[in-house]
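Protein chains in written order, with this note's numbering: chain Y, 720 to 996; chain D, 720 to 996; chain U, 720 to 996; chain A, 720 to 996; chain W, 720 to 996; chain L, 720 to 996.
Notes for the one structure printed next.
There are 6 protein chains.
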Amino acid sequence: MLPLLLIEPLVRAALVEDLGRAGDITTAAVVPQHIQAEAILVARQPGTICGLDLAATAFHLVDPGLRFSPSLRDSARVEAGDVIARIGGPARGILTGERVALNFLGHLSGIATATRGIADKIAHTNCRVTCTRKTTPGLRAVEKYAVRCGGGANHRFGLDDAILIKDNHIAIAGGLRAALVRARAHAGHLVKIEVEVDALSQLEEAVSIGVDAVLLDNMTPAEVFEAVRIVAGRAITEASGGITLQTAQDFAETGVDLISVGWITHSAFTLDIGLDI
Amino acid sequence: MLPLLLIEPLVRAALVEDLGRAGDITTAAVVPQHIQAEAILVARQPGTICGLDLAATAFHLVDPGLRFSPSLRDSARVEAGDVIARIGGPARGILTGERVALNFLGHLSGIATATRGIADKIAHTNCRVTCTRKTTPGLRAVEKYAVRCGGGANHRFGLDDAILIKDNHIAIAGGLRAALVRARAHAGHLVKIEVEVDALSQLEEAVSIGVDAVLLDNMTPAEVFEAVRIVAGRAITEASGGITLQTAQDFAETGVDLISVGWITHSAFTLDIGLDI
Amino acid sequence: MLPLLLIEPLVRAALVEDLGRAGDITTAAVVPQHIQAEAILVARQPGTICGLDLAATAFHLVDPGLRFSPSLRDSARVEAGDVIARIGGPARGILTGERVALNFLGHLSGIATATRGIADKIAHTNCRVTCTRKTTPGLRAVEKYAVRCGGGANHRFGLDDAILIKDNHIAIAGGLRAALVRARAHAGHLVKIEVEVDALSQLEEAVSIGVDAVLLDNMTPAEVFEAVRIVAGRAITEASGGITLQTAQDFAETGVDLISVGWITHSAFTLDIGLDI
Amino acid sequence: MLPLLLIEPLVRAALVEDLGRAGDITTAAVVPQHIQAEAILVARQPGTICGLDLAATAFHLVDPGLRFSPSLRDSARVEAGDVIARIGGPARGILTGERVALNFLGHLSGIATATRGIADKIAHTNCRVTCTRKTTPGLRAVEKYAVRCGGGANHRFGLDDAILIKDNHIAIAGGLRAALVRARAHAGHLVKIEVEVDALSQLEEAVSIGVDAVLLDNMTPAEVFEAVRIVAGRAITEASGGITLQTAQDFAETGVDLISVGWITHSAFTLDIGLDI
Amino acid sequence: MLPLLLIEPLVRAALVEDLGRAGDITTAAVVPQHIQAEAILVARQPGTICGLDLAATAFHLVDPGLRFSPSLRDSARVEAGDVIARIGGPARGILTGERVALNFLGHLSGIATATRGIADKIAHTNCRVTCTRKTTPGLRAVEKYAVRCGGGANHRFGLDDAILIKDNHIAIAGGLRAALVRARAHAGHLVKIEVEVDALSQLEEAVSIGVDAVLLDNMTPAEVFEAVRIVAGRAITEASGGITLQTAQDFAETGVDLISVGWITHSAFTLDIGLDI
Amino acid sequence: MLPLLLIEPLVRAALVEDLGRAGDITTAAVVPQHIQAEAILVARQPGTICGLDLAATAFHLVDPGLRFSPSLRDSARVEAGDVIARIGGPARGILTGERVALNFLGHLSGIATATRGIADKIAHTNCRVTCTRKTTPGLRAVEKYAVRCGGGANHRFGLDDAILIKDNHIAIAGGLRAALVRARAHAGHLVKIEVEVDALSQLEEAVSIGVDAVLLDNMTPAEVFEAVRIVAGRAITEASGGITLQTAQDFAETGVDLISVGWITHSAFTLDIGLDI
């Protein structure tokens, strides 16, 4: 559950974006103010739900008189037809808040569902699926939360909470050793260091200098298997690059600790959720 | 081209989201301040580009000393391997701005590419593809712009710039006629009115009362064809509901003016674009 | 009624502007904290009220313990001496919130009253009075709302919700036809197009190319009458330019659909409203 | 001259209010990007100019490539037909920025002109005209500046920069003496204290307790004359309440130090200024 | 007591600064959601308390379900071990809000305590201790409030609420007389003028031209005594420059009205306050 | 060096706080607009400088025409009398920006100097001094940067970038083991876990379960020495609680990796820096 202090500004901004300068002119014109209504949020396809607090906040900000009663909790799996929440109160508020609530709920549930898809494929291993910084601008905190709701683990939240030395850093710094030595000199005692390794030949050097994690980039499952053997528990191992729902299992069974997948945040389908009155 | 006044706050917020409180600690530790670099943005798959101004703004905000030189313009089609832009200047700035620039560029190019895909399928007709309000919270203006770059047309930007009477409005208002009469009484002279029609039986009534457009929801191409015949040019016709890349042509060939597709904004894949130094 | 999401930030900003860094130092010094008071808002001159929600929000933000009970609703006409609302609770809050509440209420009621003045003059016709974009920076949404409370209709809310081609656009575009053709090619299907016509000779061309509305600028009532005859219902007609409370009726009786008046928003007198304890 | 740090956010917000989500769709559709233009801002009626920096900032924010060359400075008097400034550069930017620039310039020049009108009437006395806190929400700083440009003096900028004890404060505090004693105990050494006096009988008490200024509310010129005699230089004297352009001179000639007038900020007419290309 | 409108944004920003993008990950991981707790805020050293409203707001914003019950009021003196407030409710909220609440409370109580230290030393005189503009960026309003809670008086809140002519102004303006004449011509009737005097020889000139206050900068107590004699009640006198807890009494006993001390805001120790569960 | 994207909003807000609504009324009244000046920032006492970019930004935001030329870089040590930077350009801008520039520079240099004091005392050991989350609300990022400039290391930047299990967490979670097990299950692979240990008896358990760091709270140097021996390199060791400039060396010589000190951020004296024209 994310703190309301972080999600309220997002929802408020989304509502203001939708209301524009004149507000919901259709509802104002067509729906009398006194009419009450009951509505349900219904899944139109199977998936994993995420974003109930954001949907609740959307309706609450539009009209504090609306009651939002979730039927389940974030992370729950649903089938097509399952009721996700009930909303009751002034009809105008339900109609005005509907789109923003659904936009958040569908987007985040889509991410949770995509993550869940991979997590299920690798559930028999000790490997976990993790996200990247390839998130939608402005929505990183909630998208990372959706990954957790789908059974995934979180990678860095930004450029500032861990050191991740990539190929470009190494090239510019003048080699892996130079980069790592500088990183270790600068890192605070609670900051972990991960280094990207594109070839098995770099791996022993990286681990022997001392890193918290190695990012095995664009390797085959066989190469990852070999890399895990070389590392031998001296660092966390993460496989990355082009991993799909189909190949996830092969990677996970190599014994690697994590597989990281960008598309669960940047290219997940929206989960189809409807509002019925 | 969107005004800088609208995109600069988005890019700034995305950078602050990524920088967090401590900034890019990897680059600060590993890359000496004086090093200059040249980088290129390269398409890794075919598509339609959108978001160059946002990428340029990202690098400019990180370091005004960076030069960003696009090789093409928004709306351009690219093949895998095509250079999209060149960035030159302090290496630190390139590395720090990379992810935010790519997140915008990939996301918006993905929308443009998805839209282009449909637009190409229906190019032989007078029908156009249009978007919906199912956009990512906070990014509506730029996503709508991406739709235009992909050859699509824009639907409403929000709840306030046109009246769109949907099934729920009609139900609550007590029927189509009541809803339309109220809408016409309230609408300013520059506000158009569109009404959702779920069955052909409602269509003649709607058009005879007078509307600017009719939304033909969840109809088959055959039903849409019949609807277009009934409307007979008295209103703009828009088909909506479950239209895919495969079925777009069938709908377009009915003579309908517009097909609206939610997934080009809410579920488009990110276009794969890389930064090479 | 405007959504609270849109008016709350305005009222909050106005209060912070008035409170400065040290708050209401007079009240803090002079009025003991425990004192309760009852106050009334009273019209000191006849007019049309607008802004009750903003006044209520001002007192509520200063002290949630204050009760604000309006005696009437926005759009109501008042005579001098009429009670508009009652406020009860801690005296400090009433005194601190008074000025901001009155500044909004007086300003918006002034606009509503000015609009009402014209609307009454033309009530026997089918013509309506409409506003312009000549609004006070920052207050467009609420000023447009005040126009509606005064019986007027709203023109564009901004540069983005309709196309209005003015003389300068036509000159730069190379003529009326060129401008209109470009506009029709770019406009979304829910965007209306209005074109300014300074001479009757341009009118037939404009209407025959196809526009939603024509802006008849700086014409005499006789010219407007002739223009309405030429248009013959093929477009909405709007007369504009130097229309006063005295000449409004002459214009309205030409059969024109709308008269637009900038001064109802940019030069309306504030309605005199007082707070009596 | 106001600091750019204070006016830039105002202008930026006004532009964003006008641009909405889609920007200036008329100009984008109708005016080719490469066209350059020259425009002039011209006074359409006589008055006193105020707001050139805000107008310049509006054009600069829309397009930094625009050149804004004022022909005169804030506080200058103009006749109908006088050129106020020249703007050159991309035609699109001129058309997009025009309305916001004119809205600020017209509104503030209107206030300056109204103030100048009174200032001229009382120029032969030592009396000055001053404003109140009856300003447009959000624009207090610039409206107070406009008053100075019109030859007026500024009253309090907010609730926090001086103590002004009004009738309601006195009533609640239990009398003038009690209120003044409390105020003097709380006021910092750089905070002045002014007290409203509704009857001459209170005046001697107020002055003898010690105040920096007395606000003579709703008195006739004869009463003000008598009040000035009683005060005899022991405090600054300010007349207030219903003072008009016609009666200003009578009040000023009583020897009072200041006359305060709310309508120069809350009910001034906009000065008519046009932009010709 | 400061208005909630001014302190809420400060507390909200501080919480968001502490929560970052992922929130309180320790508490989320370690503390079950249903656990309730009771906590007390306890002084660990003697001092004067300031900031209870900010602490209450911090806990309230983290979880509106938390109860915050202060045992005393701002300005109260405490001994080590005294309970300042009790907080009850969900354990998670207490742990998440603790640091921000304590950071405000400790910082402001430190300022109040430092001020109180001087105020006590000079309590037998008519002299008061006052603060400067040497405050922590962003916290001026609350730090000035802390000075009041410690028995001090407030100097200017900013560059805009009084005129304070310093040595650099005099040098640039071409002398004391020139500076003062210009200042008096520009100052509104509720704006006081204070002038810095570095040598007794300037003092008579300043007072005879007419100022509200003189700032006696970097003088010895003997010089201040002489200055007070020269001024002879014609202006408020303020001693400034290097005044310590040890020398405060010597200055105060000269008869000077105020001693201003920068370090009570910029270099006060934080008061040690703990939260015990 | 911190990114301008993070410091510019801080400096802008501080300037707006100081300018208030009317700006620098002293300078506007007293200093003619055309006067140019040269000024120097001079250290009035020995110390370590931090904040030059913030000072430069302050002057730049007040007037982009000002030139700011630092004579040294952040982290440099200065003696009393050393010139820190030169500022040239319009005199008004120098006077208006002075206080905000000095407030940042003095505050951050004070923190750097305090940190440097401890860092020098322990320079002969492998121990480093680190900060806490006891920072001034709103200034955490820059205060943490000042600690680095003083030769210190940074602890957590917020609640979200590392797990730190304190005594209250352990008590509520039902013991050290329960807390640690939960923490390890939730932590992302780049998140470190530190646990507070108040007694040596808990230490072996903590280390054997597996933690990245142990916080040895309120122990004597002798106890810390013993703790370091027990940990034997299996975790990072941090001593905390009541460490002063006098006792820092004793703690550092125990072999502990870090000593954390709250007062270097929350109670450091401001470094005395002056601006001479």
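Every residue, glycine too, gets a C-beta built ideally from N, C-alpha and C.
All of these numbers come straight from a predicted model, not from anything done at the bench.
- Determine whether the Cβ of Thr745(Y) lies closer than 9 Å to any Cβ atom of chain U. no
- Query: Is the distance from the Cβ of Val749(D) to the Cβ of Ala941(Y) below 9 Å?
  - Reply: no
- Query: Helix, strand or coil: how does DSSP classify Asp991(A) here?
  - Reply: coil
- Message: Taking contact to mean 3 or more Cβ pairs, one atom from each stretch, closer than 8 Å, check whether the segment 960 to 977 of chain A and the segment 834 to 850 of chain A are in contact.
- Response: yes
- What does DSSP give as the partner residues of Ala872(W) in its beta bridges? Thr849(W)
- Message: Taking CB distances under 9 Å as the criterion, tell me whether Arg792(W) reaches chain U.
- Response: no
- Query: For a contact meaning CB atoms closer than 8 Å, what does Arg859(L) contact in chain D?
  - Reply: Arg740
- Using a Cβ-Cβ distance under 9 Å, would Thr854(Y) count as near chain D? yes
- For the ligand SAM, any of its heavy atoms closer than 8 Å to the Cβ of Ala904(D)? For the ligand SAM, the structure offers nothing, since it holds no ligand at all.
- Name the residues in the segment 860 to 874 of chain D whose C-beta lies less than 8 Å from a C-beta of chain U; which are they? Ala872, Asn873, His874
- Determine whether the Cβ of Pro765(L) lies closer than 9 Å to any Cβ atom of chain W. no
- Determine the closest residue to Asp976(Y) out of Thr963(Y), Ala987(Y), Ala958(Y), Ile992(Y), with distance taken between C-alpha atoms. Ala958(Y)
- Per DSSP, the bridge partner or partners of Phe944(U): Its beta-bridge partners do not exist; DSSP assigns none.
- The beta strand (DSSP E) with Pro783(A) in it runs from where to where? Where Pro783(A) is concerned, there is no enclosing beta strand (DSSP E), given that its DSSP letter is neither H nor E.
- Query: Since Phe876(Y) meets chain W, which of its residues come closer than 9 Å, beta carbon to beta carbon?
  - Reply: Gly739, Arg740, Ala741
- Message: Measuring only the C-alpha atoms, how far is Val848(Y) from Thr989(D)?
- Response: 20 Å
- Message: For Ala775(L), tell me which candidate among Ala732(L), Asp931(L), Glu727(L), Val916(L) has the shortest Cα-Cα distance.
- Response: Glu727(L)
- With distances taken from CA atoms, which of Glu972(L), Asp991(L), Leu994(L), Ile992(L) is nearest Ala838(L)? Glu972(L)
- Item | Interface flag, Arg818(D) vs chain L, CB-CB below 9 Å | no
- Query: Does any residue of chain L bring its CB to less than 9 Å from the CB of Gly907(Y)?
  - Reply: yes
- Task: Decide yes or no for the touch test of the segment 784 to 802 of chain U against the segment 744 to 761 of chain A: beta carbon pairs closer than 8 Å, at least 3 of them.
- Result: no
- Message: Taking 9 Å as the threshold (beta carbon to beta carbon), is Gln720(D) in contact with chain A?
- Response: The question names Gln, yet the displayed sequence has Met at residue 720(D). Chain A contact via Cβ: present.
- Proximal residues of chain D, C-beta to C-beta of Leu725(L) below 8 Å: Val735, Leu738, Arg740, Gly742
- Would Thr854(U) be called buried (16 or more neighbouring beta carbons within 10 Å of its own) or exposed? buried
- Cβ distance (whole Å) where Val819(A) is taken to contact Ala756(A) below 8 Å: Not confirmed; about 17 Å, so no contact.
- Can you tell me whether Ile830(L) is buried or exposed, with buried defined as 16 or more other CB within 10 angstroms of its CB? buried
- Message: Using a 10 Å radius around the Cβ and a threshold of 16 neighbouring Cβ atoms, would you call Gly825(Y) buried or exposed?
- Response: buried
- Query: Are Val861(W) and Asp880(W) touching if we call contact CB-CB under 9 Å?
  - Reply: no
- Task: Tell me Arg805(Y)'s beta-bridge partners as DSSP assigns them.
- Result: Ile759(Y), Ser788(Y)
- Query: From the beta carbon of Asp991(Y), is the nearest beta carbon of chain L less than 9 Å away?
  - Reply: no
- Message: On the DSSP letters alone, give me the boundaries of the alpha helix (DSSP H) that Leu895(W) sits inside.
- Response: 895 to 905
- Task: For Leu780(A), go through chain D and note every residue whose CB falls closer than 7 Å to its CB, in chain order.
- Result: Leu724
- Query: Taking Cβ to Cβ, would you say Glu915(D) is nearer than 9 Å to Leu934(D)?
  - Reply: yes
- Task: For the alpha helix (DSSP H) containing Ser927(W), list its first residue and its last residue.
- Result: 919 to 928
- According to DSSP, what are the bridge partners of Glu957(D)? Leu934(D), Leu977(D)
- Kindly indicate which residue of Asp931(U), Asn822(U), Gly816(U) has the alpha-carbon position closest to the one of Ala777(U). Gly816(U)
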